[in-house]
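Visitor: Before I ask anything, here is the structure I am working with.
In the numbering used here, the protein residues as written are 176 to 454.
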């Protein structure tokens with residue numbers, strides 16, 4: 176299986192920030208890719224427009240943690256809290272970028288996370304959503320750029336990505352060019368984080384699984400990399416979520432050229448790890 180090159184370069188690795196427990200893993204994955212690809216690490220904090228609208232309603236109430244007493248929600252208070260949260264995320268991004276000597280940027284937008292991120296990113300970007308129901312890396316990654324950049328990197332930053340090293344990185348592989356780019360991106364992150372790789376082979380039958388497994392294994396062997404292989408019999412959301420969970424993956428690298436918003440939402444709602452979408 177020969178490498179199918181993509182001449183375009185990844186300009187930015189964009190992290191979507193909100194208040195979720197998986198954000199640290201998403202930032203680690205984004206920083207690892209930015210380091211490998213020598214790309215800008217960009218952060219976009221999406222203020223939840225639904226929360227702001229809710230605060231503006233006359234019947235909106237919040238409850239105190241100690242007293243559990245209801246009190247009115249003020250739009251100004253909500254917006255102030257969102258700004259403070261955005262500041263914390265900006266500081267976290269700056270610390271990570273500074274430690275890895277990466278170019279970085281940060282901006283605040285308002286809207287729904289998925290829609291707003293797609294509106295504020297462009298085709299060459301990689302977009303990372305950290306929440307289990309919002310998690311995306313999107314982009315056609317250049318195999319040449321991955322290989323050359325990774326070869327230039329040393330193990331100096333490996334300790335930075337210890338959170339990724341605890342569990343395997345899963346990736347969909349179906350033998351297509353996008354599948355190969357997804358495999359290349361996943362292997363690059365697994366390599367810099369010193370973690371395992373779980374390759375989910377999508378095939379209709381056992382013979383197809385064996386053929387694609389041999390293709391992926393040959394590609395990995397050329398790079399002195401290894402992986403565990405699992406048969407994904409269907410790309411329906413329940414099957415994808417179940418197999419990713421069975422592998423206990425820290426992240427899933429996925430590709431689907433015409434992924435509908437409804438299907439993406441369902442996939443992200445079911446996963447308990449960040450999703451990497453190669454577009």
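Built from N, CA and C at the ideal position, the CB exists for glycine as well.
Grab the span of the alpha helix (DSSP H) containing residue 392 for me, first residue to last.
Guide: Taken as a continuous stretch (DSSP letters only), the alpha helix (DSSP H) holding residue 392 covers 381-396.
Visitor: Measure from the alpha carbon of residue 394 to the alpha carbon of each residue in 406, 354, 213, 408, then state which is nearest.
Guide: When only C-alpha atoms are compared, the closest one is 354.
Visitor: By the DSSP assignment, the beta strand (DSSP E) with residue 427 in it spans what residues?
Guide: Start and end: 426-430.
Visitor: Specify the secondary structure class of residue 408 as computed by DSSP and reduced to three states.
Guide: Reduced to three states, the DSSP call for residue 408 is coil.
Visitor: Just checking, does the region 368-376 make contact with the region 437-445 on the three C-beta pairs under 8 Å criterion?
Guide: Verdict: no, contact absent.
Visitor: Using a Cβ-Cβ cutoff of less than 7 Å, which residues in the same chain neighbour residue 295 once the five nearest sequence positions on both sides are dropped?
Guide: Cβ neighbours of residue 295 beyond the five flanking positions: 219, 284.
Visitor: Return the chain-ordered list of same chain residues with a C-beta closer than 6 Å to the C-beta of residue 242, the five sequence neighbours on each side being excluded.
Guide: Reliability fails at residue 242, whose pLDDT of 46 lies under 50, so the model's placement of it is uncertain and no value is given.
Visitor: Going by DSSP, what residue range makes up the beta strand (DSSP E) through residue 372?
Guide: First-last of the beta strand (DSSP E) with residue 372: 372-377.
Visitor: Is it true that the CB of residue 387 sits closer than 9 Å to the CB of residue 348?
Guide: Against a cut-off of 9 Å, the Cβ pair of residue 387 and residue 348 comes out as a contact.
Visitor: Measuring CB to CB, does residue 305 end up less than 9 Å from residue 192?
Guide: Yes, the pair counts as a contact, with Cβ atoms nearer than the cut-off.
Visitor: DSSP three-state label for residue 350, please.
Guide: Three-state DSSP puts residue 350 in coil, outside helix and strand.
Visitor: On the CB-based measure, 16 or more other CB atoms within 10 Å of its CB, does residue 272 come out buried or exposed?
Guide: With 16 or more Cβ atoms within 10 Å of its Cβ, residue 272 is classed as buried.
Visitor: If residue 201 sits next to residue 300, beta carbons under 8 Å apart, how far is it from one beta carbon to the other, in whole angstroms?
Guide: In fact, because the Cβ distance is near 15 Å, the residues do not count as touching under 8 Å.
Visitor: Measuring CB to CB, does residue 275 end up less than 9 Å from residue 209?
Guide: It is a contact, given that the beta carbons lie within the stated cut-off.
Visitor: Give me the Cα-Cα distance between residue 277 and residue 341, rounded to the nearest whole angstrom.
Guide: Looking at the two C-alpha atoms, the distance is approximately 24 Å.
Visitor: Where does residue 287 fall in DSSP's three states?
Guide: Looking at residue 287 - three-state DSSP - the assignment turns out to be coil, as it is neither helix nor strand.
Visitor: What first and last residue would you give for the beta strand (DSSP E) that runs through residue 445?
Guide: Here residue 445 belongs to no beta strand (DSSP E); instead the alpha helix (DSSP H) covers 436-445.
Visitor: What separation, rounded to the nearest whole angstrom, lies between the Cα atoms of residue 261 and residue 402?
Guide: Their backbone Cα atoms lie some 38 Å apart in a straight line.
Visitor: Within this structure, are the beta carbons of residue 391 and residue 211 separated by less than 9 Å?
Guide: No, Cβ-Cβ distance for residue 391 and residue 211 is not below 9 Å.
Visitor: Quick check on DSSP: helix, strand or coil for residue 276?
Guide: DSSP places residue 276 in coil when its eight states are reduced to three.
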